[in-house]
Amino acid sequence: MEILEKKTLLRNLPLLDFTADYFKKIDFSRTLIICVQHLYSTTYNMFDKLFKMGLKPNNLHIVGKCYSTDPDVFAQLKKDGVNVSPLSNYFDSHSPYDINFEKKIEDFFDEIIQNTPLESYEKILILDDGGFLCRIANRKLPKLSNIIGIEQTSAGFNRIKREGSFFPVINTARSYVKMKYESPIIINLALKKLRKKIAHLKPQPKKILIMGFGTLGQVVYDNLHTSYDVSAYDIDPTKNTLPSHDLHSHLKNFDLIIGATGETSLTYQDFSYLKKPVVLASISSSDREFDAVHLRTKAPQTFQCHKDLLIENVTLLNCGFPINFDNDYQTIDTDNFQLTRSLILGAVCQAYKTDPQKPGFIELDLNFQKALEQKLEL
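For any residue, its number in our numbering is found by taking its place in the sequence shown, counting from 1, and adding 1138.
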């Protein structure tokens, strides 16, 4: 496979340019960053801004996720001298992904702690996506006075909130600009991928069940119900569109089940109630929506996380990972995601300026958010 050159990965992303200029007086030359990130072209552009603000590539340590790692970005970061975990691409269909992923982060952390003089850095920034990194940092890192975290997902925010942290964490996940503008970007991409997948299914599904009727589930329902017979199930019975709350009695009626809860909406105990054939499609997070590993262990082992698997008349799309995280990287990583990267870049810059002596969540700088919003709406 031909690897793209750095100049091809770099893009014209005005929001990132604006953010870097907003915090232009920061010098990251004595900063260490340890992070979990989706490794896409827009992410690379964010890191490139940090390099131009003084961050040394060998002071950037990254763990990617197998289902969201563009090999071109991975290769370029390695070429730049960044410590990118080789396990970022690793996937074993017969192992539970979340458990393996947390173990990978832990091993990566141990290696950094053993080989890095942590006390010599002005700031150590823990840039997280999902809360696993902050949790391990809280347990593994010595109680230094130069550590600050950043969390960019609601799931990670909830995980850190439950377990606590000895260092402050900038709460990008609940920033108003992210919640107002990013969700529609993600939902529109998920809908585009979902409609494309549905169009290629044979036979065409007639009845669709959406698991989870929160914000994401409701938008999917609104988008599909004019074309298909769509129902929704939620643990909150007041949100159900099914005639009763007994899920098992209804599962046999659906050709396609869409997971939108972010948790495990169907366990392996539920599988015996499914209609056969049936298609399972996640649009949430990781591979946890459908107890995917239980299904995958019934199929030949694969190390390719973007495969659609047929297992006992159950089709598991994208190995159970969200269908909006497939391997069509250019289609996934649109310019719209410069908003996400700009919020993260802003949080990293804010973290550099934050007093690390005050643990707890810190709101993403409101003045920066307002300025970014004005730029966004021009």
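The beta-carbon is built from N, C-alpha and C at its ideal position, and this holds for glycine as well.
Residue i - containing beta strand (DSSP E), residue span
i, result
"S1369", "D1367 to Y1371"
"H1199", "L1198 to V1201"
"A1419", "V1416 to S1420"
"T1453", "V1452 to L1454"
"E1515", "First-last for E1515: undefined, no H or E at that position."
"I1171", "T1169 to V1174"
"G1287", "I1285 to E1289"
"G1498", "G1498 to E1501"
Residues near residue i by beta carbon distance below 7 Å, same chain, minus five either side
i, result
"L1151", "T1180, N1183, D1473 and Q1476"
"I1449", "L1433, K1436 and A1437"
"R1426", "D1236, E1401 and T1402"
"R1478", "For the sequence presented, residue 1478 should be read as Thr rather than Arg. Excluding sequence neighbours, T1478 sits near E1320."
"S1423", "A1293, G1400 and P1460"
"I1325", "L1354 and V1357"
"K1144", "Q1214"
Continuous alpha helix (DSSP H) stretch holding residue i: start and end
i, result
"I1274", "F1270 to K1278"
"T1181", "S1179 to K1190"
"I1324", "S1321 to A1337"
"I1470", "Y1467 to I1470"
"D1360", "T1353 to L1362"
"N1296", "S1292 to E1301"
"V1220", "Where V1220 is concerned, there is no enclosing alpha helix (DSSP H), given that its DSSP letter is neither H nor E."
"C1487", "Q1476 to K1491"
"F1156", "P1152 to Y1160"
"F1247", "Y1235 to N1253"
"L1389", "H1386 to L1389"
"L1133", "Outside the modelled stretch of the chain, which goes from 1139 to 1516, sits residue 1133, for which no answer is possible."
Within 8 Å, strictly: CB atoms of residue i and residue j
i, j, result
"Q1175", "V1315", "no"
"Y1319", "L1154", "no"
"E1240", "F1270", "yes"
"I1262", "N1296", "no"
"K1345", "N1378", "no"
"V1220", "L1188", "no"
"C1406", "I1164", "Checking the sequence, you will find Tyr at residue 1406 rather than Cys. Result no, Cβ atoms of Y1406 and I1164 do not sit closer than 8 Å."
"L1282", "E1260", "no"
"G1458", "A1398", "no"
"L1265", "C1204", "no"
"S1167", "V1201", "no"
"D1230", "F1441", "yes"
"I1348", "V1358", "yes"
"V1370", "G1355", "The identity of residue 1370 in the sequence shown is Ala, whereas the question assumes Val. Cβ atoms of A1370 and G1355: closer than 8 Å."
"I1482", "Q1252", "no"
"D1208", "Y1178", "yes"
"E1301", "I1274", "no"
Contact set for residue i: own chain, Cβ-Cβ below 8 Å, skip 5 residues either direction
i, result
"I1461", "A1328, K1331, L1332, K1335, A1419, S1420, I1421 and L1455"
"M1139", "Confidence is the limiting factor: at M1139 the pLDDT is only 46, short of 50, which leaves the residue's position unreliable, though a coordinate-based value still follows. If we look at M1139 and ignore the five residues flanking it on each side, its Cβ neighbours are P1209."
"K1496", "P1306"
"H1232", "V1431, R1434, T1435 and Q1439"
"S1465", "The residue asked about is misnamed: residue 1465 is Asn in this sequence, not Ser. Around N1465: H1444."
Whole-Å CB distance - residue i paired with residue j, under 8 Å assumed
i, j, result
"T1169", "S1480", "19 Å between Cβ atoms; not a contact."
"A1118", "G1287", "There is no way to answer for residue 1118, as the model of the chain reaches only from 1139 to 1516."
"F1305", "P1494", "6 Å"
"F1463", "S1206", "5 Å"
"Y1485", "L1504", "One point to set straight first is that residue 1485 is Ala, not Tyr, in the sequence displayed. That pair is no contact at about 13 Å."
"V1452", "L1412", "7 Å"
"H1386", "D1372", "About 15 Å separates the two Cβ atoms, so there is no contact after all."
"C1272", "S1303", "6 Å"
"F1212", "N1196", "So it is not a contact: roughly 16 Å between Cβ atoms."
"H1388", "P1375", "Wrong, their Cβ atoms sit about 13 Å apart, outside the cutoff."
"L1193", "I1171", "7 Å"
Own chain residues within Cβ distance below 6 Å of residue i, not counting five before or after
i, result
"P1234", "V1431"
"I1323", "N1474"
"E1511", "V1315"
"L1225", "K1242"
"L1215", "V1222"
"K1162", "none"
"L1394", "P1343, I1346 and V1417"
"I1500", "P1306 and I1308"
"Q1468", "none"
"D1471", "Y1178, S1179 and T1180"
"A1509", "none"
"M1191", "I1164 and F1166"
"P1280", "none"
Min CB distance residue i to chain B below 8 Å
i, result
"I1250", "Protein chain content of the structure displayed is limited to a single chain, and chain B is not contained in it."
Mind the definition here: the stretch 1335-1346 touches the stretch 1301-1309 only if three or more C-beta pairs lie below 8 Å; say whether that holds. no
Within 8 Å, do at least three Cβ pairs link the stretch 1353-1365 to the stretch 1445-1459? no
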